[in-house]
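Colleague:
Following this line, the structure appears as structure tokens:
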């Protein structure tokens, strides 16, 4: 019996090494990218001999880049609002009770999340044309909103399934009609899930390239701007922009993760 | 219908879930001010009845009349009926005071009136100190009282209680039973209580309705049910009993005469009589058996021998073998003194025919 | 009948002046609202219908609609339609794909790349997920997982760019190799299928990791110990216990990663070269030029979607069969 724990420990050390190697694999490229933004030279490449903050100064002085940030954020916020509203409604329907056609509705609900990016972008592009939505902010918001609905539905459904049925019944029993009962009982219960889903949608929208690229007008979103700049050559300026975007998204992600976990602990 | 309208009239209520019958043709009147208990094992239809009264289920057939008015198809929010849920269903994001005010708000009461009414009800249930607390910060017993306060606050005509003591520990349960009964007395509300616990039902109720497989088995006071069960199911479900299976001989002076282990016994008649010579069973409660050295002059009597004694604290349980070859066994509860008197010699066991209920199987 | 019921409900405080009901009390007592709710909740059936109508319309018009309309456009001869011109049904765009072998290469390349990269992602992330689920204490699991989540909050383009910097001729890898004296001149990693694979695995690893982790986490530790107690070695334990019981996680992770991999557009453009053109670039090509190529693009997108669906469906069937086989 004695050699068996040894055997487990051997595995454990080997697997631990693999885990930390994987951590390096996901972090190192990003760290290098960030470092490159401080290089005092137009030429992207190692080694870095002298450092500067000029590229960041340039980014914050460039109104065009700043307005792109604003544009991307506005798109993310507006599309998230739509996704959350629609997604919560669908989740409430799917969790309400069993009904014929429920699996079909569920399948259709998750469809946008399963369609490969390019195909989804093309389909949205054609459909937008048919609906008469011009390429631009409205079209991007619409496509992001539709694409993100499935994620909201899945998150909200998971939370909703843990709400005891008696809660709604108690509210109804005390004189609340279904709408009042939903707003006063179900909605407060869903807040952590809705917040979590919102943050996820914000990030998905802010980071999305392919839909923004095919449905955008003349004004680029941030990923589209970085893509366009990259096609005309690498420059530390791009690193500075990308780093700012990285800090924003990773920061929001970490904050949301901690915040929603704390909320779930409370209720 | 010359009677004054009962508070609740349940009229031919049935509920089917697909092929399963949860409730079959239940008809029942409940007058104002009664503590009515629906008792039965799980799946007997008691909860279904409660949920139909609350408005959470619609019956397949039949009607529910509340104060003479047909409410069968009214949603729960329209009914003057409130419920204490099994898990209490307190709203976790609201304080105790907010929970209690919830129903008052939706009645359209003014802010001051809400405050007055909720402090009144909190004082009544001794919850004054907990108004600002959240349900998660309360003990089980306190939560149960908050649930009761919340349901009583809107002044319902009928209060439904769905096994509200199930989540409490045994010691607290006894205390809460007394409390519930006294609250019901003081408010003079009609309580409709659902439970599977026979002891709970016997302690609190004015009237017990025993349900089995979607049908009503018996409807009566706790004493009636306990000492004069109408069916084998009721006799076995409520407390411990001696079931004597014998053969029907006939009736005599309103009593049934039957043969059991070569002895003639008399008992109270059930609603429908079994035919002569038919097998018949009867129930005698354990505490109704007396021990005699001589054959008693009146009443039923058999001879037997005590074969085992079990000390139960306040009393003793005796096992008695009846007949020479111990063809049948009886059980009896006696006080400790009596048990010391009874040795292992044959004794006479007697009981009053009024205490033996002949059963409909 | 309902009216008399509401009348019976005493509203004691309404009379006293200055004691206003709360917002909710006023709302449910407000005539128009009451009428509306009465109509909406007249029967459970109607109530459910009202709840159902918007979601059903939404998924039909917004989720299914774009896909169906894309297929419709792929079957027409011209889109957008010029005014006064009749649109007519045609299969020529599909014929174009099947008769021109120049399109086949990027098509099959996309599918083989996606399959290969999916397999690589599985191989890389399985031990990581295994370590997280089996060898990390419950309290630390979330922390270790969060550490991996952080880079994945960062967008596709930024991460693709990070890979470009890593693998460039003057990138970190080449610098390291040269400093160590392993190579004399930089290895041209970029614009090859290697750089593309590196990028795509980097982008999709999380979508594999999470399903694997949740499948592995559900396995009770006692199973492994029981197997060890019966004398099973590490490899046998893995092959006979963990692997069969996590097939579901593997299958959903692989499906997800495969579908995502086939859909990448920016990453192949930035990391790939002329020898690695994928079908996404072919499709996109029809949308960059004048609009009359749209039906062809739609047809090609449809072909790819169908192919991806068929492959994932077959894969799931295979996995199910495998699981049932193991269960015997």
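Chains as they are written, first to last, in our numbering: chain A, 1 to 267; chain B, 1001 to 1361; chain C, 2001 to 2328. Quick reminder that beta carbons are idealized off the backbone N, C-alpha and C, glycines included.
Could you tell me which chain A residues have their CB closer than 8 Å to the CB of residue 2297 (chain C), listed as they occur along the chain?
Modeller: Those are 122, listed as they occur along chain A.
Colleague: Please confirm if residue 1075 (chain B) has its CB atom under 8 Å from at least one CB of chain C.
Modeller: With 8 Å as the cut-off, residue 1075 (chain B) counts as an interface residue toward chain C.
Colleague: Could you check where the alpha helix (DSSP H) with residue 1348 (chain B) kicks off and where it finishes?
Modeller: Run containing residue 1348 (chain B): none in the alpha helix (DSSP H); it sits in the beta strand (DSSP E), 1347-1351.
Colleague: Going straight from the alpha carbon of residue 1199 (chain B) to that of residue 1176 (chain B), what length do you get?
Modeller: When rounded, the distance between both Cα atoms is 13 Å.
Colleague: State buried or exposed for residue 1339 (chain B), treating a residue as buried only when at least 16 other CB atoms are found within 10 Å of its CB.
Modeller: So residue 1339 (chain B) counts as buried.
Colleague: Quick one: Cα of residue 206 (chain A) to Cα of residue 223 (chain A), how far?
Modeller: Going by the C-alpha atoms only, they are around 8 Å apart.
Colleague: So which residues of chain B does residue 119 (chain A) contact, with C-beta pairs closer than 7 Å?
Modeller: Those do not exist, as residue 119 (chain A) stays about 43 Å from chain B at its closest Cβ, beyond 7 Å.
Colleague: For residue 1157 (chain B) versus residue 1007 (chain B), is the C-beta distance shorter than 8 Å?
Modeller: Cβ atoms of residue 1157 (chain B) and residue 1007 (chain B): closer than 8 Å.
Colleague: Please list the segments of the alpha helix (DSSP H) lying wholly inside the region 2206-2251 of chain C, counting only runs of 4 or more residues, in order along the chain.
Modeller: For the region 2206-2251 of chain C, whole alpha helix (DSSP H) runs of length 4 or above, ordered along the chain, are 2221-2229 and 2234-2237.
Colleague: For a cutoff of 8 Å on Cβ pairs, would you count residue 185 (chain A) as touching chain B?
Modeller: By this cut-off, residue 185 (chain A) is an interface position.
Colleague: Sort out for me which residues DSSP pairs residue 1283 (chain B) with in a bridge.
Modeller: Answer is B:1243 and B:1357.
Colleague: Measure the alpha-carbon distance for residue 1234 (chain B) versus residue 1170 (chain B) and round it to whole angstroms.
Modeller: Going from the Cα of residue 1234 (chain B) to the Cα of residue 1170 (chain B) covers about 24 Å.
Colleague: DSSP three-state call for residue 2021 (chain C): helix, strand or coil?
Modeller: Correct three-state label for residue 2021 (chain C): strand.
Colleague: Does the region 1089-1098 of chain B touch the region 1128-1147 of chain B, meaning 3 or more C-beta pairs lie closer than 8 Å?
Modeller: A contact exists between the region 1128-1147 of chain B and the region 1089-1098 of chain B.
Colleague: Using a Cβ-Cβ cut-off of 8 Å (strictly less than) and excluding sequence neighbours within five positions of residue 1279 (chain B), which residues of its own chain qualify?
Modeller: Answer for residue 1279 (chain B): 1245, 1246, 1247 and 1248, listed in chain order.
Colleague: Closer than 8 Å is the cut-off here; do at least three beta carbon pairs connect the region 148-162 of chain A with the region 1052-1064 of chain B?
Modeller: At 8 Å Cβ cutoff, the stretches do not touch.
Colleague: Here's the rule: buried if 16 or more other CB atoms are within 10 angstroms of the residue's CB, otherwise exposed. What is residue 1349 (chain B)?
Modeller: So residue 1349 (chain B) counts as buried.
Colleague: Residue 2296 (chain C) and residue 2258 (chain C) - do their beta-carbons sit closer together than 8 Å?
Modeller: Not in contact: residue 2258 (chain C) and residue 2296 (chain C) (Cβ atoms no closer than 8 Å).
Colleague: Among B:1118, B:1257, B:1048 and B:1042, whose alpha-carbon lies nearest the alpha-carbon of residue 1102 (chain B)?
Modeller: The residue with the shortest Cα to Cα distance from residue 1102 (chain B) is B:1118.
Colleague: Measuring alpha carbon to alpha carbon, tell me which residue in A:214, A:160 and A:130 is nearest residue 97 (chain A).
Modeller: Ranking A:214, A:160 and A:130 by Cα distance to residue 97 (chain A) puts A:160 first.
Colleague: Have a look at residue 1111 (chain B) and residue 1207 (chain B) and give me their C-alpha separation to the nearest angstrom.
Modeller: Distance between the alpha carbons of residue 1111 (chain B) and residue 1207 (chain B) is about 39 Å.
Colleague: Using a Cβ distance threshold of 8 Å, determine whether the region 2176-2184 of chain C contacts the region 2214-2231 of chain C, with at least three qualifying pairs required.
Modeller: Short answer: they don't touch.
Colleague: Which residues share a DSSP beta bridge with residue 1028 (chain B)?
Modeller: Note: residue 1028 (chain B) sits in a beta bridge opposite B:1010.
Colleague: Taking Cβ-Cβ distances shorter than 8 Å, what residues in chain A pair up with residue 1135 (chain B)?
Modeller: Per Cβ cutoff of 8 Å: no residues; residue 1135 (chain B) is ~11 Å from chain A at best.
Colleague: Within the continuous beta strand (DSSP E) that includes residue 1305 (chain B), where are the two ends?
Modeller: Per DSSP, residue 1305 (chain B) belongs to the beta strand (DSSP E) from 1300-1311.
Colleague: On the three-state DSSP scale, how would you describe residue 1072 (chain B)?
Modeller: Coil.
Colleague: For residue 2148 (chain C) and residue 2204 (chain C), I'd like the C-alpha separation in whole angstroms.
Modeller: Their backbone Cα atoms lie some 12 Å apart in a straight line.
Colleague: Compare the C-beta of residue 1089 (chain B) with all C-beta atoms of chain A and state if any pair is closer than 8 Å.
Modeller: It does: the Cβ of residue 1089 (chain B) has a partner Cβ on chain A nearer than 8 Å.
Colleague: Determine the contact status of residue 140 (chain A) and residue 212 (chain A), defining contact as a CB-CB distance below 8 Å.
Modeller: Contact: yes.
Colleague: For a test of the three-state rule: what should DSSP assign to residue 247 (chain A), helix, strand or coil?
Modeller: Helix.
Colleague: Let me check one thing: in DSSP terms, what residues is residue 62 (chain A) bridge-paired to?
Modeller: DSSP, once it has assigned bridges, lists no residue as partnering residue 62 (chain A).
Colleague: What does residue 1263 (chain B) pair with, by DSSP beta-bridge criteria?
Modeller: Paired residues: B:1260.
Colleague: Quick one: using the 10 Å Cβ neighbour count with 16 as the cut-off for buried, is residue 2306 (chain C) buried or exposed?
Modeller: So residue 2306 (chain C) ends up on the exposed side.
Colleague: Rounded to whole angstroms, what is the Cα-Cα separation between residue 1201 (chain B) and residue 2249 (chain C)?
Modeller: Each residue's alpha carbon lies about 51 Å from the other.
Colleague: If you reduce the DSSP assignment to three classes, tell me which class residue 2190 (chain C) lands in.
Modeller: Three-state DSSP puts residue 2190 (chain C) in coil, outside helix and strand.
Colleague: Could you pull the DSSP bridge partners for residue 1252 (chain B) from this structure?
Modeller: According to DSSP, which records beta bridges pairwise, residue 1252 (chain B) is partnered with B:1255.
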